[in-house]
Amino acid sequence: MDYSFIDKLLERYWQCATSLEEEEMLKAFFRQKEIPQRFEQYRSLFNYEDLAASEHLGADFDEKMIRMVEQPVVRARRIPFAVRFRPFFKAAAAVAIVLTLGNAAQHSFKNNDTTAPDYNYATYKDTYEDPQVAYDKVSSALKDMSDGLKQQAKEDSASRVDKTKSVQ
-17 MDYSFIDKLL ERYWQCATSL EEEEMLKAFF RQKEIPQRFE QYRSLFNYED
33 LAASEHLGAD FDEKMIRMVE QPVVRARRIP FAVRFRPFFK AAAAVAIVLT
83 LGNAAQHSFK NNDTTAPDYN YATYKDTYED PQVAYDKVSS ALKDMSDGLK
133 QQAKEDSASR VDKTKSVQ
């Protein structure tokens, strides 16, 4: 038997170009008990409506739907003021502890000398008897400081040159 008409209808069906009558013809064809093997893969597609029509809702469907719709209303839980602000209370306690420890540390390291500082320069004493020795000590200290600053400046400029070379 020639099934070219069915092939054409299937081709039009896949292109969404069939009419309702042509689709009914395809359904009638696939309802037959004996169809060629090459069309067997399409049988479930066209027999789906017949199979779905035989399925019905269960007797308890209405009860299930009513139970789903009539779920009890859950009210929002009231949270007391103390519970709501508990994180802020914890933070305030932590700040209070830090401030207390800082205050205690400040008092423990504080100099217990209760005498007022002496700003009268006339009461100051020289540490060196000979002014030349004091001058030499100050000169050597300033020279050491100058040498250290020069050395640091050289190292800084050398590192800047190294950085510019690595960037290029």
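For the sequence shown, the working numbering assigns the number -17 to the initial residue and increments by one for each residue that follows.
Note that the Cβ used here is the ideal one computed from N, Cα and C, for glycine as well.
Please read all numbers here as calculations on a predicted model, not as lab measurements.
Check                                                                                                                                                                         : Outcome
So, is Leu8 buried or exposed, given that buried needs 16 or more other C-beta atoms within 10 angstroms?                                                                     : buried
Quick one: is Ile234 buried, meaning 16 or more other Cβ sit within 10 Å of its Cβ, or exposed?                                                                               : Because residue 234 is not part of the residues shown, which for the chain are -17 to 150, the question remains open.
Where does Phe28 land, buried or exposed, given buried means 16+ other C-beta within 10 angstroms?                                                                            : buried
Nearest to Asp(-16) by CA position, among Arg13, Phe21, Leu2, Tyr(-5), is which residue?                                                                                      : Phe21
Drop a sphere of 10 angstroms on the beta-carbon of Ile(-12), count the other beta-carbons inside from all chains shown, and report buried for 16 or more, exposed for fewer. : buried
Compute the Euclidean distance between the alpha carbons of Val65 and Gly84, then round it to the nearest angstrom.                                                           : 29 Å
From Glu5 to Tyr(-5), what does the alpha carbon distance come to, in whole angstroms?                                                                                        : 8 Å
Return the Cβ separation of Leu2 and Tyr24 in integer angstroms, given the expectation that the two are a contact with Cβ distance under 8 Å.                                 : At roughly 18 Å, the Cβ-Cβ gap does not stay under 8 Å, so Leu2 and Tyr24 are not in contact.
Distance check for Asp100 and Tyr173, CA to CA, integer angstroms please.                                                                                                     : Within the shown structure, residues of the chain are numbered from -17 to 150, placing residue 173 beyond reach of any answer.
First and last residue of the alpha helix (DSSP H) that includes Glu5?                                                                                                        : 2 to 13
Pick helix, strand or coil for Gln134, following the three-state DSSP scheme.                                                                                                 : helix
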